[in-house]
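Just so you know, our numbering puts 306 at position 62 of the sequence shown, and the rest follows in order with no gaps. Here's the structure, in structure tokens; my notes come after.
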Amino acid sequence: ACSGHTECDSIIMDSGRILAVPSLEANSVDAALVHEAAIGKIAGDQLIKLMTLGLTEAEAEEQIINGFLK
């Protein structure tokens with residue numbers, strides 16, 4: 245048997261748009277295929293927490309995005 249997994253995580257910024265379309269193919273009837281997507285905006289509570297630690301809103305957003313990309 246074979247398996248496949250596709251994952252798509254995205255952050256929406258400003259007026260951005262994201263379209264996550266699952267597309268998996270298998271040549272085996274026994275294949276196990278999984279697709280998952282997570283799309284969202286930066287959580288306000290994350291920004292507030294970082295801003296209470298002394299970061300500006302722009303710096304907090306940058307830290308959250310950098311963490312997401314790693």
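Beta carbons: idealized from backbone N, C-alpha and C, even for Gly.
Grab me the residues of residue i's own chain with a C-beta within less than 7 Å of its C-beta, minus the 5 sequence neighbours each way, in chain order.
i, result
"alanine 281", "Cys252 and Ala264"
"leucine 294", "Ala304 and Gln307"
"phenylalanine 312", "Ile255"
For residue i, count neighbouring C-beta atoms within 10 Å of its own C-beta (all shown protein chains included) and say buried if the count is 16 or more, exposed if not.
i, result
"alanine 287", "exposed"
Just the C-alpha distance for residue i and residue j, rounded to the nearest angstrom, thanks.
i, j, result
"leucine 299", "histidine 279", "36 Å"
"glycine 260", "isoleucine 309", "15 Å"
"leucine 268", "glutamate 301", "39 Å"
Report all residues from its chain with a CB closer than 6 Å to the CB of residue i; omit the five preceding and five following residues, and keep chain order.
i, result
"lysine 285", "Ile256"
"serine 272", "Cys246"
Taking the DSSP output, what are the residues bridged to residue i?
i, result
"alanine 281", "Cys252"
"serine 259", "According to DSSP, which records beta bridges pairwise, serine 259 is partnered with nothing at all."
Are the Cβ atoms of residue i and residue j separated by less than 9 Å?
i, j, result
"leucine 277", "serine 254", "no"
"isoleucine 262", "isoleucine 283", "yes"
Below 8 Å CB to CB, which residues in the same chain sit around residue i once its five sequence neighbours on both sides are set aside?
i, result
"proline 266", "Thr250, His279 and Ala281"
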